[in-house]
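These notes concern the structure reproduced below.
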Amino acid sequence: MAQKTYSGVTVDVSEEGYFTNPAQWTKEIAMEIAKEERIVMTDKHFEMLDYLRNRFNSGEQLTIRGINKSGIVDVKTFYQMFPGAPLKKATKIAGIPKPTSCV
Amino acid sequence: MSEKNHPIKKVSIICSKGTIEDVYAALVMGNGAVMEGIEANLFFTFFGLEAVMRKRMDKLHTGVIGNPAMRLPGGARMPTWLGVIPGMEAMVSSMMKKEMDKLDVPPISEFIELFVAGGGNLYACKLAADMFKVKKEDLSEHVKGIITVGEFYELAGGEDSHIIFT
Chain A
18 MAQKTYSGVT
28 VDVSEEGYFT
38 NPAQWTKEIA
48 MEIAKEERIV
58 MTDKHFEMLD
68 YLRNRFNSGE
78 QLTIRGINKS
88 GIVDVKTFYQ
98 MFPGAPLKKA
108 TKIAGIPKPT
118 SCV
Chain B
1077 MSEKNHPIKK
1087 VSIICSKGTI
1097 EDVYAALVMG
1107 NGAVMEGIEA
1117 NLFFTFFGLE
1127 AVMRKRMDKL
1137 HTGVIGNPAM
1147 RLPGGARMPT
1157 WLGVIPGMEA
1167 MVSSMMKKEM
1177 DKLDVPPISE
1187 FIELFVAGGG
1197 NLYACKLAAD
1207 MFKVKKEDLS
1217 EHVKGIITVG
1227 EFYELAGGED
1237 SHIIFT
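Chains as they are written, first to last, in my numbering: chain A, 18 to 120; chain B, 1077 to 1242.
Structure follows, in structure tokens:
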């Protein structure tokens, strides 16, 4: 298993850089990953990370439809907040494993 | 050269059939592309047009006749003669939709909205629209245009761009 150091803390990650142990995540770490991904974090971003972490922790699949229903932002805004591959980037910053759903 | 260093940049997907599974296949591929940051065009032609027609998109069916892979609950192969029973197609179609919903796969109209919100583009085929007498106002407001095959190829151009026929 690979490891990475963020803000002086060493965390376990997959080959692609996704957290394998979400408990090791902190907001400071999120800020650093976001910087790597060239994303400027706002309160809305953190609200979204909380939503993703909660969904993951309760064992639910992360889907784009779920994001739309989250009540935090609509899908269009979500794509703007995490440009490129939004759900992948957001889960990486949220310190949870890569999403496994096809939708 | 590894896959990661040479990603696909654009996909143009053609959907020519109007069954639930054919349309979902195209939408899953298209939506999956925009979620990966890949530019995506979806082109609906022939019976696929039903998927972008306002009044029909959420009423698609799955064909129950001539599909040897169709199974009954429990796993036995569905005999063709069973498919001709009135109401069978509607029942199978509603079961399909229910199963999709369980996996958080949205209904077609909602799926199209998610795809477009992600930057995906929808087009309808001119030849098929002429043939079926389908007009712009019959189509979802998300359809960017009724285009010819030549225009489709123009849109599909570019480096690392792929055309997928579902």
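No residue lacks a Cβ here, since even glycine has one placed at the ideal position from N, Cα and C.
Since we're looking at a predicted model, the values are computed, not measured.
Assign residue i to buried or exposed, taking buried as 16 or more other Cβ atoms, counted over all protein chains shown, within 10 Å of its Cβ.
{"i": "C1201(B)", "result": "buried"}
{"i": "F1241(B)", "result": "exposed"}
{"i": "P116(A)", "result": "buried"}
Would you report the Cα separation of residue i and residue j, rounded to the nearest angstrom?
{"i": "I1184(B)", "j": "A19(A)", "result": "40 Å"}
{"i": "E53(A)", "j": "A1152(B)", "result": "52 Å"}
{"i": "P1149(B)", "j": "C119(A)", "result": "24 Å"}
{"i": "F1208(B)", "j": "F1120(B)", "result": "13 Å"}
{"i": "K1135(B)", "j": "K93(A)", "result": "26 Å"}
{"i": "K1173(B)", "j": "E1189(B)", "result": "18 Å"}
{"i": "E1175(B)", "j": "P1182(B)", "result": "11 Å"}
If I measure Cβ to Cβ from residue i and keep anything under 7 Å in the same chain, skipping five residues before and after, which residues do I get?
{"i": "L1158(B)", "result": "M1164"}
{"i": "V1219(B)", "result": "V1128, L1198, Y1199 and A1200"}
{"i": "W42(A)", "result": "F36 and G112"}
Pick helix, strand or coil for residue i, following the three-state DSSP scheme.
{"i": "D1180(B)", "result": "coil"}
{"i": "G1221(B)", "result": "strand"}
{"i": "S87(A)", "result": "coil"}
{"i": "F1228(B)", "result": "helix"}
{"i": "N38(A)", "result": "coil"}
{"i": "A1204(B)", "result": "helix"}
{"i": "D1134(B)", "result": "helix"}
So residue i is in the alpha helix (DSSP H); what residue range does that whole segment cover?
{"i": "F1120(B)", "result": "From DSSP, F1120(B) is part of no alpha helix (DSSP H) but of the beta strand (DSSP E) over E1115 to F1120."}
{"i": "V1104(B)", "result": "I1096 to M1111"}
{"i": "F1123(B)", "result": "No alpha helix (DSSP H) contains F1123(B), which DSSP labels as neither H nor E."}
{"i": "K106(A)", "result": "P103 to I110"}
For the beta strand (DSSP E) containing residue i, list its first residue and its last residue.
{"i": "T59(A)", "result": "No beta strand (DSSP E) holds T59(A); DSSP gives it neither H nor E."}
{"i": "Q78(A)", "result": "Where Q78(A) is concerned, there is no enclosing beta strand (DSSP E), given that its DSSP letter is neither H nor E."}
Ordered along the chain, which non-local residues of its own chain (more than five positions away) have a Cβ less than 6 Å from that of residue i?
{"i": "R1132(B)", "result": "E1126"}
{"i": "E45(A)", "result": "S24"}
If I measure Cβ to Cβ from residue i and keep anything under 8 Å in the same chain, skipping five residues before and after, which residues do I get?
{"i": "T27(A)", "result": "Q20 and K21"}
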